[in-house]
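Peer 1: Sharing a structure with you now.
Structure (structure tokens):
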């Protein structure tokens, strides 16, 4: 065999083992008996040990040096392996294992602190995590990742090629228009009514399955279960999704299902020949989020689709006091201030992200220390959202990300919205009759377009390149902002 | 660290990875989307590769040479690792991988042949499997396993210390008494009525859960799901069971649940300090089957327990024409001739096993060739069961075992029944009031006794030694035969 074939065969087994590790996480969140938690930790550590040894195996370096790619996909696969191998090699083994040890404990401490609204309980741990992640960022930067910048070197793990500067420029243009839109919407006279009533679990789950089908989710290669936090899991032919049910808030179940179907559709849509190669998964967190967001918002919360959804809800749950043909669309798009990012509407969501992004950057080279983080959070929140944080669980302690060392991850959520805005503009141009399908509860023409333009390529193109090829224009925040202003302007009569 | 500590740390990770492999099989049979089958094969192969490399790692040999055990459990762990390592080392790598390759295909061919009742479709494959397993047996025998006998060397994998000769002696004493009992029972005037009616799935599953609870299954460390063939899976704190539902035959669901609870109770009952060591699993297939069988038959089909079960069934399914206090016990223990081993009653079951055992031995050194196997099966079946096999799916093609190379496995089922007979005798002596609990639907006193005498020890003692210690007498077939003659003599008025 050639070095290329040897490397790809080795990589296939590594990717296959990584799929098993992912499925163990799925099992842990959906199926695992409670009493197995501790044992499971040992099992996962054993498998992580195997994966780590493979990812840092010195033979990979030798193969990379000798390998010649036979085609474009092969060249890209080599690039991705080289990048991952270089990142692993740049972080000292002692630091990597210290990060693994500290973050595995930190998540539990964060959860305790959040439950008790006790920031002081969490800060010493967060300080350790930030210190270790700064060290990691610096080690990566010293090896040339992130253009020599520590925060960019971390960001590079989730959104390759993006930099804090480029993201800050986009966010800088978005913020004033979002703040203005938010103020106009909240000040409008004619506010949509919130949804009221109790919506039985069985009906919500039945409808969640119908929604997944409506968006083209392939049940032959997936399944839907319940978990505390909805997520999608797996690549290739085993892409599973989860949802949750709150009987007073069916939108929680229904729109998180559509969101996870977006993630799963990306993975299910990747060409089969990329399976178990570095091209066999979504290319970045931002592009992944673009799929979940366009499904959830631009399509799932469109006037056409909510017309169908409102009718379905009336058929399943009976009259719940909202006219399915008219008021329901406004109710499904109701803008309301709130503390919690994951519950935010389309107008508020990116403001939550921008705040986290700015705080992260300040922690990494901007002079902010963990001891001052809560005050920084609260004062920024008051400024952007016009209300004071009422308790730490609604403020600094609301997200798990920082406790497990995910710095550089948050901005990819907003980047996903920006990409979704671009894709939606191009998709509507190509499919002028899409609303006819959506009004009939069929979003599959949109999935087909996204599959052809984005999903099937997996990791073949770099993130911004995927979007540019799909849309025919370079990614920009303008389509998203235009869409939001037009949509909410109409809903609120601005 | 000492060599002993190094070896045990290495072994812990191997055992943890083996747990993950087992859970992937569980997932495949219960949760996996259909379309993931091929991908899953690659994933399992990757993990098997990791496990195989660890099990044949040359460092294990070095550690074994240098290690000194600190105590009895440590010494036994070393013995078990030494034995497994020696077995792996004795089989040439090329032969091991050829067996893996051929048997993975053979199972599919067997399933096709069974579906089409086409023995000729299966025989060439079975010939290959038998040839490879003979080679494996001879390689193991040459290394001293099985006392130098090829069949015993295979048997040794499932029931260490047992030999074909010792099993043949037991079976030779059992067969005449079983044949005589079978003839007397089938010739009796007063035959129990079979169960009639349709029993809805939801009710069966509810009752299956109640039964698991009645036998002390620990739901905190397990769960119950549906699969095509019932099985139990996992060790330590994650022991899962499955069942199946046939609406016309609720005993299928109910008694297979009790059977799997027996297997799971064994694993759940093992002392926590043995987790992820070679002592952290049941010691042999025979002892494992003794647990499932005593739960299912001696306890689950007892007059006292069926009194409670019949009442529960009437409460759940309404009147199904069988008096729960009287006739139900006879119906639940009805003896009927049949072709299928897995559906056989207590009187017939061991006759099915003995036939397979004799045919296996004839294939391994007794001069029987695969080409003549069907005829040998059919003529022996006619002799022992008094009827001619009506189709291959009811004869030679009924069991999966031989297609995947499981030679030496069948006799452990009957050995399990023998051990169950011994344990039941000792348990009834120690717990004279057990029937009072069983009549109230509570079999937990029996589970407590079995946990203390058998289950908690895991792999600490050799199979026959576990039974001897638990019962206070050496294992023998007499208690089982006495129990069967007394029980069915009373039911059939002999």
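Protein chains in written order, with this note's numbering: chain A, 1 to 494; chain B, 1001 to 1494.
Cβ atoms here follow ideal geometry from the backbone N, Cα and C, with glycine treated the same way.
The structure displayed is predicted, hence computed values, not measured ones.
To which residues does DSSP link residue 226 (chain A) through a beta bridge?
Peer 2: Answer by DSSP bridge pairing, in chain order: A:243.
Peer 1: Quick check on DSSP: helix, strand or coil for residue 1232 (chain B)?
Peer 2: Three-state DSSP puts residue 1232 (chain B) in a strand.
Peer 1: Could you check if residue 1104 (chain B) is buried or exposed, using at least 16 other CB atoms within 10 Å of its CB as the buried criterion?
Peer 2: The residue is exposed, with fewer than 16 neighbouring Cβ atoms inside 10 Å.
Peer 1: Starting from residue 1355 (chain B), trace the alpha helix (DSSP H) in both directions and tell me its first and last residue.
Peer 2: Run containing residue 1355 (chain B): 1346-1363, per the alpha helix (DSSP H) assignment.
Peer 1: So, under 8 Å CB-CB, residue 1256 (chain B) and residue 1273 (chain B) are touching, yes? Tell me the CB distance rounded to an integer number of Å.
Peer 2: With a Cβ gap of about 32 Å, residue 1256 (chain B) and residue 1273 (chain B) do not count as contacting.
Peer 1: Taking the alpha carbon of residue 225 (chain A) as the reference point, which residue from A:76, A:218, A:237 and A:209 has its own alpha carbon closest?
Peer 2: Among A:76, A:218, A:237 and A:209, the Cα nearest to that of residue 225 (chain A) is on A:209.
Peer 1: Around the Cβ of residue 356 (chain A), are there at least 16 other Cβ atoms within 10 angstroms (buried) or fewer (exposed)?
Peer 2: Per the 10 Å Cβ criterion, buried.
Peer 1: Consult DSSP for residue 1030 (chain B) and reduce its assignment to one of helix, strand or coil.
Peer 2: DSSP places residue 1030 (chain B) in helix when its eight states are reduced to three.
Peer 1: Under 8 Å, Cβ to Cβ, is there at least one residue of chain A near residue 1032 (chain B)?
Peer 2: So yes, residue 1032 (chain B) belongs to the interface.
Peer 1: By the DSSP assignment, the alpha helix (DSSP H) with residue 1073 (chain B) in it spans what residues?
Peer 2: Looking at the DSSP string, the run of the alpha helix (DSSP H) that includes residue 1073 (chain B) is 1072-1090.
Peer 1: Assuming residue 1405 (chain B) contacts residue 1099 (chain B) under a Cβ cut-off of 8 Å, what Cβ separation, rounded to an integer in Å, is found between them?
Peer 2: Rounded, the Cβ-Cβ distance is 6 Å, consistent with contact.
Peer 1: Would you verify that the beta carbon of residue 1019 (chain B) is, or is not, closer than 8 Å to some beta carbon of chain A?
Peer 2: It does: the Cβ of residue 1019 (chain B) has a partner Cβ on chain A nearer than 8 Å.
Peer 1: Tell me, please, whether the CB atom of residue 1084 (chain B) is closer than 8 Å to any CB atom in chain A?
Peer 2: Chain A, which has no Cβ nearer than 8 Å to the Cβ of residue 1084 (chain B), makes this no.
Peer 1: Considering only the alpha carbon of each residue, which of B:1180, B:1220, B:1128 and B:1488 lies closest to residue 1264 (chain B)?
Peer 2: With distances taken between Cα atoms, residue 1264 (chain B) lies closest to B:1220.
Peer 1: Please classify residue 1198 (chain B) as buried or exposed, where buried requires at least 16 other C-beta atoms within 10 Å of its C-beta.
Peer 2: Residue 1198 (chain B) is exposed by the Cβ-count criterion.
Peer 1: If you draw a straight line from the C-alpha of residue 1452 (chain B) to the C-alpha of residue 156 (chain A), how long is it?
Peer 2: Approximately 56 Å between the Cα atoms of the pair.
Peer 1: Among residues of its own chain, excluding the 5 on either side of residue 1346 (chain B), which ones have a beta-carbon nearer than 7 Å to its beta-carbon?
Peer 2: 1297 and 1484, listed in sequence order.
Peer 1: For residue 1007 (chain B), decide whether its Cβ has a neighbour in chain A, counting only Cβ atoms nearer than 8 Å.
Peer 2: Output row for residue 1007 (chain B): interface = no.
Peer 1: Can you tell me which of B:1436, B:1409 and B:1278 puts its alpha carbon nearest to the alpha carbon of residue 1162 (chain B)?
Peer 2: Cα-wise, what sits closest to residue 1162 (chain B) is B:1409.
Peer 1: Can you list, in chain order, the residues of its chain whose CB lies under 8 Å from that of residue 1376 (chain B), leaving out five sequence neighbours each side?
Peer 2: Here the set comprises 1359, 1362 and 1368.
Peer 1: Which chain B residues sit within Cβ distance under 7 Å of residue 36 (chain A)?
Peer 2: Ordered by position in chain B, the residues that pass the 7 Å Cβ test against residue 36 (chain A) are 1221, 1237 and 1238.
Peer 1: Which chain E residues are close to residue 1049 (chain B), counting only those with a beta carbon under 8 Å from its beta carbon?
Peer 2: This model lacks chain E altogether, as its protein chains are A and B.
Peer 1: Do the region 271-285 of chain A and the region 227-237 of chain A touch if we need at least three Cβ pairs shorter than 8 Å?
Peer 2: Verdict: yes, contact present.
Peer 1: Assign residue 112 (chain A) to one of two classes, buried (16 or more other C-beta atoms within 10 Å of its C-beta) or exposed (fewer than that).
Peer 2: Looking at its Cβ environment, which holds fewer than 16 other Cβ atoms inside 10 Å, residue 112 (chain A) is exposed.
Peer 1: With contact counted as at least three CB pairs below 8 Å, one residue from each stretch, are the region 315-328 of chain A and the region 186-198 of chain A in contact?
Peer 2: Result yes; three or more Cβ-Cβ pairs closer than 8 Å.
Peer 1: Could you tell me which of B:1150, B:1175 and B:1343 sits nearest to residue 1246 (chain B), measuring between CA atoms?
Peer 2: Answer by Cα proximity: B:1343.
Peer 1: Can you have a look at residue 1165 (chain B) and say buried or exposed, based on whether 16 or more other CB atoms are within 10 angstroms of its CB?
Peer 2: So residue 1165 (chain B) counts as exposed.
Peer 1: I'd like the span of the alpha helix (DSSP H) that includes residue 1100 (chain B), first residue to last.
Peer 2: Segment 1093-1116, the alpha helix (DSSP H) holding residue 1100 (chain B).
Peer 1: If I follow the unbroken alpha helix (DSSP H) through residue 1436 (chain B), where does it start and stop?
Peer 2: 1434-1439 is the span of the alpha helix (DSSP H), which, as asked, contains residue 1436 (chain B).
Peer 1: Quick one: Cα of residue 1171 (chain B) to Cα of residue 1251 (chain B), how far?
Peer 2: Cα-Cα distance, rounded: 28 Å.
Peer 1: If we cut at 8 Å on Cβ distances, does residue 1224 (chain B) have a partner in chain A?
Peer 2: Output row for residue 1224 (chain B): interface = no.
Peer 1: Do we get a CB-CB distance below 8 Å when we pair residue 1455 (chain B) with the residues of chain A?
Peer 2: Residue 1455 (chain B) does not count as touching chain A.
Peer 1: What residue does the alpha helix (DSSP H) around residue 404 (chain A) start on, and which one ends it?
Peer 2: Here residue 404 (chain A) belongs to no alpha helix (DSSP H), and DSSP marks it neither H nor E.
Peer 1: Could you tell me which chain B residues have their CB closer than 9 Å to the CB of residue 28 (chain A), listed as they occur along the chain?
Peer 2: The premise fails here: residue 28 (chain A) is roughly 10 Å from chain B at the closest Cβ pair, so nothing lies under 9 Å.
Peer 1: For residue 348 (chain A), count neighbouring Cβ atoms within 10 angstroms of its own Cβ and tell me buried if that reaches 16, exposed if not.
Peer 2: It is buried - the Cβ of residue 348 (chain A) has at least 16 other Cβ atoms within 10 Å.
Peer 1: Going straight from the alpha carbon of residue 508 (chain A) to that of residue 177 (chain A), what length do you get?
Peer 2: Lying before the first or after the last residue shown, residue 508 (chain A) is absent from chain A, which here runs from 1 to 494.
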